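*Asks:* Starting off with a structure, shown below.
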Amino acid sequence: MSGFIFALVVIAVLWALAYVAAPLWAWTVAVGLALLADGWLCHTAPTVGWIVFAVLALLLNIRPLRRMLVTDHVLGWFRKVLPPISETERIAIDAGNTWWDADLFTGRPDWRKLLATPAAKLTDEEQAFLDGPVQEFCASLDDWHITHDLQDLPPAAWEQIRKHRFFGMIIPKQYGGLGFSALAHSTVVMKIGTRSTSAAVTVMVPNSLGPGELLMHYGTEEQKSYYLPRLARAEEIPCFALTGPYVGSDAGALPDIGIVCKGTYKGKETLGFRVSWDKRYITLAPVATILGVAFKAYDPEHLLGEKEDLGITLGLIPTDLPGIEIGTRHNPLNAAFMNGPTRGKDVFIPFDCLIGGTEYIGKGWMMLMNCLSVGRAISLPALGTGAGKHASRVTGAYGRVRKQFRVPIGKFEGVEEALARIGGLTYRMDAARRLTAGALDRGEKPSVLSAILKYHCTEGMRQVLGDAMDVHGGRGVMMGPRNYLARGYQAVPVSITVEGANILTRSMIIFGQGAIRAHPYLLKEMEAASSEDRAKASVEFDKALFAHIGFTISNAARSLFLGLTGALLTPAPVSGATARYYRQLTRMSSVFTFVADVGLLMMGGEMKRKEKLSARYGDMLSHLYLASAALKQYEEQGRPEADLPLVEWACQDSLYAIQQALEGLLRNFPSRPMAWLMRALVMPAGRPYAPPCDKLGHKVASLLLQPSDARDRLTRYAFTSQDPQDPVGRMEHAMKQTLAAEPVEEKLQAGLKKRLTPANYLTLVDDAARKAVLSADEAKLLRDTHMVVRDAIDVDEFGQMRGE
Ligand SMILES: Cc1cc2nc3c(=O)[nH]c(=O)nc-3n(C[C@H](O)[C@H](O)[C@H](O)COP(=O)(O)OP(=O)(O)OC[C@H]3O[C@@H](n4cnc5c(N)ncnc54)[C@H](O)[C@@H]3O)c2cc1C
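Positions in the sequence shown are counted from 1; adding 45 to them yields this note's numbering.
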């Protein structure tokens, strides 16, 4: 065997060992055998190679020696570069758990495990609630009247909220609530959102981070028995106040304080807090009867013990106490949900008015983070997905009804591009919403996935509503009762800002927390490094460090192999058109994990400040998840052939987004030689992905332009109506009418040998009827269609504008 072939064999064996993440002993045996074979085949004397091998083999395989000579030094360095983790960061990291995100961070996602997780399903009771009270509630809402005339929900809507316990969706039945699953909660908010953002936000807030949820998890039995039934019946209107003029994204920097003191409450002298606060942007505050307030608790007189600074604490304060200022409103982009400031000056509250009582003094941040790790996956993703469903339905219909240059505008390639984005993004958002809600219902609390959902569904909302507005042209811009888009479009920045503003979520939270939480070894290394017990730290760190090194080498080897083979040899859990996406996502999972490890290794704590890089890592992780969700949904729905363009569009777009993020990362990676090396390993044959092609976009767009099962599946739970007087029903009716008229219009044109235009339409129909080219029924159909289409494209006109 020539030396060259021998070298190739050795490289192949080592590569295979790396690929399968072989243990250290296997490497030792392999290298030993390679040296033996080298001596035997090439008759070389056992010299330097053997000496180096012997030293390394002993050093790495004898653990006490390895710890003393290697690990402890690395540990010392690691401790120095480890960024200080503040208490608030530590609590945020500890909140919730990991789920499929941890699999994606292995480089070897176990697709069969994902596909085996049961599909999220509504119970019969939840389904009946959606088909009954929710449908009725939606049908009764007139969003223009709400936002323009009332700037509030009408009394009848408030009454329905009370009667059907919309505020008690998450409250268990034993306390008088509906006890709904996360999926049902999300679906109800989504459906209402397709009718009125103002109504959806009103319903959403008492069911998300706030008094109800906090009481359920941390309230005393007495608090739960008193408040939860009242909240479920909307006899109490809750709000939760964290934000203030100096506290926005940096919620830990609360200037609002509570001092432990004696005071009088309801005529009795008792220990409690004297609390002062200045909060703003608080949803439902203007009408709230109980106010959840976050404040920093201090005990300067040591009435409770040694500690003076007690930490963030959550009060549950009736709004009729003296010293509370509440009732004025902000105007959040003309949305009509209640939102406003609240201030309190030296308001005395007894310990009974703390959520959870004295046991939870100082634990407010932990309580908030734990609730947020779940809640962020529900309300805003539901609102974003709802926007997609609504946009898909009405924009498809409008694209078919509205003609320019004698062609339905939806058939122009330029418009098709926008329609394809609307359809593809909606499919992906809905898939992610359902997958994550299902995980929550199984008891997972995936904080990183929640952040991914919040960010991508609200950014998706921004995209789809922007596209929908473009396709509607002036019909989307002119506001009034006929406009079913503009209020949602106006409200997009609300969704972008709340529950973690999006820029911060993308650039700090998704990868910042994801890297620590979902990475198989990083948290273990960090925990070992911060341990006080030096001997234990050394053992634990050694274990995690060497597993981490093997993991990184393995992902480098896998990335190169998968890159060179185009991942064609990688198994996929299904056959058919979607199999290749599983393979490509496996490849990108290896690539992501490898480049993330290199980044963490080279930048360590500096990564915290490298937000642009962190954001790109976050994009990669996010799209791995979003595409997984699309594939899972396709399987769960029984692989409908008609949905294939949607799932393919979603996966191709995600793979391309991963590639874009990777490209940005490599171009901006601080160490250029390392960036070149990474590029060679992860994209050995150049860039593998392209955006969804025009042909695919055409198929997705076509799906929105006519009624079909696939269109109904995609837009399921978007509010629809058959009433031609309803803003949405008008468009739905016009589309059906247009489609029914099309063959008759062709018959007329063929019969008269003339082209129909809006100007000659009615004259030609009369002509055709007279000459028996059309039957009387056919002529009536066209006359009706002409009227219906005109009605559908019309915008509102006002005699005099309000305020004139
Ligand atoms: C309609 C509405 C309803 C609300 N309801 C409530 C409520 O009921 N209760 C409540 O307590 N609060 C509520 N909020 C407040 C909301 O949570 C805050 O607006 C949000 O936390 C952002 O704070 P901010 O507006 O002060 O923006 P800032 O914190 O000033 O942020 C401004 C911008 O800077 C970015 N940014 C900040 N820090 C970083 C960083 N480190 N890295 C990158 N980017 C960063 C943000 O992403 C954002 O884009 C509501 C807000 C709105 C608009």
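Where is the CB? At the ideal position from N, CA and C, for every residue including glycine. Just so we're clear, the structure is a prediction, and the values are computed from it rather than from any experiment.
From the DSSP output, in three-state form, read off Leu348 for me.
*Replies:* In the sequence shown, residue 348 corresponds to position 303, counting from 1. Leu348: coil per DSSP, three-state reduction.
*Asks:* So Arg445 and Gly455 are supposed to be a Cβ contact under 8 Å. How far apart are they, rounded?
*Replies:* Taking the first residue of the sequence shown as 1, we reach residue 445 at position 400. Taking the first residue of the sequence shown as 1, we reach residue 455 at position 410. Sure, about 5 Å apart at Cβ, within 8 Å.
*Asks:* How would you label Gln770, buried or exposed, when you count the other beta carbons within 10 angstroms and need 16 or more for buried?
*Replies:* One-based indexing of the sequence shown puts residue 770 at position 725. Classification of Gln770: exposed, given that the 10 Å Cβ count is below 16.
*Asks:* Do Arg532 and Thr247 have their C-beta atoms closer together than 8 Å?
*Replies:* The residue you call residue 532 lines up with position 487 of the sequence shown. The residue you call residue 247 lines up with position 202 of the sequence shown. Cβ atoms of Arg532 and Thr247: not closer than 8 Å.
*Asks:* Mind pulling the alpha helix (DSSP H) runs of 4 or more residues that sit fully within the segment 237–312?
*Replies:* Complete alpha helix (DSSP H) runs here, min 4: 242–252, 256–263 and 266–277.
*Asks:* In whole angstroms, what separates the C-alpha of Gly488 from that of Lys434?
*Replies:* Locating residue 488 in the sequence shown gives position 443, where the first residue counts as 1. Locating residue 434 in the sequence shown gives position 389, where the first residue counts as 1. Gly488 and Lys434: Cα-Cα distance of roughly 27 Å.
*Asks:* Cβ of Ala342 within 7 Å of any heavy atom in ligand 1?
*Replies:* Within the sequence shown, the letter at position 297 stands for residue 342. Answer for Ala342: no, Cβ out of range of ligand 1.
*Asks:* By the three-class DSSP mapping on this structure, what secondary structure does Trp322 have?
*Replies:* The count along the sequence shown starts at 1 and reaches residue 322 at position 277. In the structure shown, Trp322 sits in a strand (DSSP, three-state: E or B).
*Asks:* Please determine, among Arg724, His593 and Asp841, the residue with the shortest C-alpha to C-alpha distance to Pro68.
*Replies:* As a first step, residue 68 is located in the sequence shown; it is residue number 23 there, counting from the start. Cα-wise, what sits closest to Pro68 is His593.
*Asks:* By Cβ distance, which residues of its chain are closer than 8 Å to Thr550, with the 5 residues on each side in sequence left out?
*Replies:* For the purposes of this step, residue 550 is taken as the residue at position 505 of the sequence shown. Result list for Thr550: Ala496, Lys499 and Tyr500, in chain order.
*Asks:* Thinking C-beta only, is Ala582 closer than 8 Å to Ala574?
*Replies:* If you number the sequence shown from 1, residue 574 lands on position 529. If you number the sequence shown from 1, residue 582 lands on position 537. Contact: yes.
*Asks:* Less than 7 Å separating the Cβ of Pro377 from some heavy atom of ligand 3?
*Replies:* This structure simply doesn't include ligand 3; it includes ligand 1 instead.
*Asks:* Would you mind stating whether Pro337 and Gly255 have Cβ atoms separated by less than 8 Å?
*Replies:* Translated into the one-based positions of the sequence shown, residue 337 becomes position 292. Translated into the one-based positions of the sequence shown, residue 255 becomes position 210. The residue asked about is misnamed: residue 337 is Gly in this sequence, not Pro. It is a contact, given that the beta carbons lie within the stated cut-off.
*Asks:* Have a look at Leu127 and Met571 and give me their C-alpha separation to the nearest angstrom.
*Replies:* Along the sequence shown, read from residue 1 onward, the residue named residue 127 stands at position 82. Along the sequence shown, read from residue 1 onward, the residue named residue 571 stands at position 526. Approximately 8 Å between the Cα atoms of the pair.
*Asks:* Straight-line CA distance for Val619 to Gln629?
*Replies:* Against the sequence shown, residue 619 aligns to sequence position 574. Against the sequence shown, residue 629 aligns to sequence position 584. About 13 Å.
*Asks:* With a CB to CB cut of under 7 Å and the five nearest residues on each side skipped, what residues in its chain are close to Arg507?
*Replies:* Translated into the one-based positions of the sequence shown, residue 507 becomes position 462. So the qualifying residues of the chain are Val537 and Ile541.
*Asks:* So, using beta-carbon positions, are Gly141 and Asn415 closer together than 8 Å?
*Replies:* The residue labelled residue 141 in the question sits at position 96 within the sequence shown. The residue labelled residue 415 in the question sits at position 370 within the sequence shown. In this structure, Asn415 lies closer than 8 Å to Gly141 by Cβ.
*Asks:* Measuring alpha carbon to alpha carbon, tell me which residue in Arg210, Leu186 and Pro803 is nearest Pro200.
*Replies:* Counting from one through the sequence shown, the residue named residue 200 turns up at place 155. The shortest Cα separation from Pro200 among Arg210, Leu186 and Pro803 belongs to Leu186.
*Asks:* Exposed or buried, Cys284, counting other C-beta atoms within 10 Å across all chains shown (16 or more means buried)?
*Replies:* Sequence index remark: in the sequence shown, residue 284 carries index 239 (1-based). Its Cβ being crowded by 16 or more others within 10 Å, Cys284 is buried.
*Asks:* Less than 7 Å between the CB of Met412 and some heavy atom of ligand 1, yes or no?
*Replies:* By 1-based counting over the sequence shown, the position of residue 412 is 367. No, the beta carbon of Met412 sits no closer than 7 Å to any heavy atom of ligand 1.
*Asks:* Considering only the alpha carbon of each residue, which of Gly257, Gly389, Phe318 and Pro363 lies closest to Gly289?
*Replies:* Numbered from 1 along the sequence shown, position 244 holds the residue referred to as residue 289. It is Gly389.
*Asks:* Could you spell out the range, first to last residue, of the beta strand (DSSP E) harbouring Ala147?
*Replies:* For this step, residue 147 is matched to residue 102 along the sequence shown. Segment Trp145 to Leu149 is the alpha helix (DSSP H) holding Ala147; no beta strand (DSSP E) there.
*Asks:* Which of helix, strand or coil does DSSP assign to Ile423?
*Replies:* Start at 1 with the first residue of the sequence shown, and residue 423 comes out as number 378. Note: Ile423 maps to coil in three-state DSSP.
*Asks:* List the DSSP bridge partners of Asn805.
*Replies:* The count along the sequence shown starts at 1 and reaches residue 805 at position 760. Answer is none; Asn805 lacks a bridge partner.
*Asks:* Just reading off the beta strand (DSSP E) that Thr358 is part of, what are its end residues?
*Replies:* Walking along the sequence shown from the start, residue 358 turns up at place 313. From DSSP, the beta strand (DSSP E) with Thr358 extends over Asp354 to Pro363.
*Asks:* Could you tell me if Ala484 is buried or exposed, where buried requires 16 or more neighbouring beta carbons within 10 angstroms of its beta carbon?
*Replies:* By 1-based counting over the sequence shown, the position of residue 484 is 439. Buried, by the Cβ-count rule.
*Asks:* Label Asn600 either buried or exposed according to how many other C-beta atoms from any shown protein chain fall within 10 Å of its C-beta, with 16 as the threshold for buried.
*Replies:* Within the sequence shown, numbered from 1, the residue matching residue 600 stands at position 555. Burial call: buried.
*Asks:* Have a look at Leu750 and Val234 and give me their C-alpha separation to the nearest angstrom.
*Replies:* Residue mapping note: residue 750 aligns to position 705 of the sequence shown, counting from 1. Residue mapping note: residue 234 aligns to position 189 of the sequence shown, counting from 1. Each residue's Cα considered, the two are about 26 Å apart.
*Asks:* On the premise that Ala427 lies in contact with Met780, defined as a C-beta separation below 8 Å, what is that separation, rounded to the nearest angstrom?
*Replies:* Working through the sequence shown from its first residue, we reach residue 780 at position 735. Working through the sequence shown from its first residue, we reach residue 427 at position 382. With 8 Å as the limit, Met780 and Ala427 do not qualify as a contact, their Cβ atoms being about 26 Å apart.
*Asks:* With a threshold of 6 Å on Cβ separation, who are the neighbours of Glu370 within its own chain once the five nearest residues in sequence on each side are excluded?
*Replies:* The residue labelled residue 370 in the question sits at position 325 within the sequence shown. Closer than 6 Å at the Cβ level, and outside the excluded window around Glu370, lie Arg388.
*Asks:* From Gly650, Thr168 and Lys655, pick the residue whose C-alpha is nearest to that of Ile561; which is it?
*Replies:* The residue you call residue 561 lines up with position 516 of the sequence shown. Ranking the options by Cα distance to Ile561, first place goes to Gly650.
*Asks:* For a test of your reading of the model: does the CB of Phe285 fall under 7 Å from any non-hydrogen atom of ligand 1? Yes or no.
*Replies:* In the sequence shown, the residue the question calls residue 285 occupies position 240. It does: the Cβ of Phe285 is within 7 Å (strictly closer) of some heavy atom of ligand 1.
*Asks:* Less than 7 Å between the CB of Ile548 and some heavy atom of ligand 1, yes or no?
*Replies:* As a first step, residue 548 must be located in the sequence shown, where it is residue number 503. Yes; taking the cut-off as 7 Å, the Cβ of Ile548 has a heavy atom of ligand 1 nearer than that.
*Asks:* For the segment 629–643 and the segment 659–676, state whether three or more C-beta atom pairs, one from each stretch, are separated by less than 8 Å.
*Replies:* Judged by Cβ distances under 8 Å, the segment 629–643 makes contact with the segment 659–676, as three or more pairs qualify.
*Asks:* How many Å lie between Glu849 and Leu793 at the Cα?
*Replies:* Taking the first residue of the sequence shown as 1, we reach residue 849 at position 804. Taking the first residue of the sequence shown as 1, we reach residue 793 at position 748. Unreliable placement is indicated for Glu849, whose pLDDT of 43 sits below 50; the coordinate value is still reported in the next sentence. Taking the straight line from one Cα to the other gives about 49 Å.
*Asks:* Between the C-alpha atoms of Gly350 and Thr265, what's the straight-line distance to the nearest angstrom?
*Replies:* The residue you call residue 350 lines up with position 305 of the sequence shown. The residue you call residue 265 lines up with position 220 of the sequence shown. Rounded to the nearest angstrom, the two C-alpha atoms are 22 Å apart.
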